[in-house]
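Written out below as structure tokens is the structure these notes cover.
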Amino acid sequence: MAAIEKMGYTSAQILRLQTPDYAGRTGYPSFQLTNNNANIRRIKKRIEELEKIALSASQEIKKVFGEITYLEADNRVQLLFPDKPADAIRKILKDHSFRFSPSRNNAWVRHLNNAGRYAAERAIKKISEL
């Protein structure tokens, strides 16, 4: 019991671990230990992604029709237009999963990931073809 206390467990936790359940099993239940390594890898990968996002700065690209901003801190792709876009442009933006956001200076935004970057480039290409 002293060795377990050195590991940082309290007396109540040690007692709970040593108390048998209905089937006479002691220790941690197997469902609590299942998939721990996968969860550890998932969390480490997510931390690396967030650190990578934090290190890169926001990028702004000026276009003829408006402005594209990759907001790394907010994890958003943002398209700004000087005026309300035409119906055809709004349809293209909606088709590429952009959503109007009045709280972000009336910008059209989407989640910033590889799919979001690709969708922004595709939407720009289609809008420039109009």
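For what it's worth, our numbering labels the leading residue of the sequence shown as 26, then goes sequentially. Think of the CB as a built atom: it goes at the ideal place given N, C-alpha and C, for glycine as much as any other residue. The structure presented is a predicted model; accordingly, all values stated were derived computationally and were not measured.
Residue of the options minimising C-alpha distance to residue i
i: Tyr-95; options: Tyr-34, Leu-42 and Ala-140; result: Ala-140
i: Asn-100; options: Glu-30, Leu-137 and Arg-142; result: Leu-137
i: Thr-51; options: Arg-67, Arg-41 and Thr-59; result: Arg-41
Collapsed DSSP secondary structure at residue i in the structure displayed
i: Phe-123; result: coil
i: Arg-50; result: coil
i: Tyr-143; result: helix
i: Leu-137; result: coil
i: Ala-37; result: helix
Residue i to residue j span [Cα, whole Å]
i: Asn-61; j: Phe-106; result: 47 Å
i: Glu-74; j: Phe-123; result: 22 Å
i: Gly-49; j: His-121; result: 56 Å
i: Asn-64; j: Leu-58; result: 10 Å
Cβ neighbours of residue i in the same chain (closer than 6 Å, five flanking residues each side left out)
i: Ile-29; result: Ile-39
Within-7 Å CB hit, residue i to chain C
i: Lys-116; result: The question asks about chain C, but that chain is absent: this structure has only one protein chain.
Cβ neighbours of residue i in the same chain (closer than 8 Å, five flanking residues each side left out)
i: Asp-46; result: Pro-54
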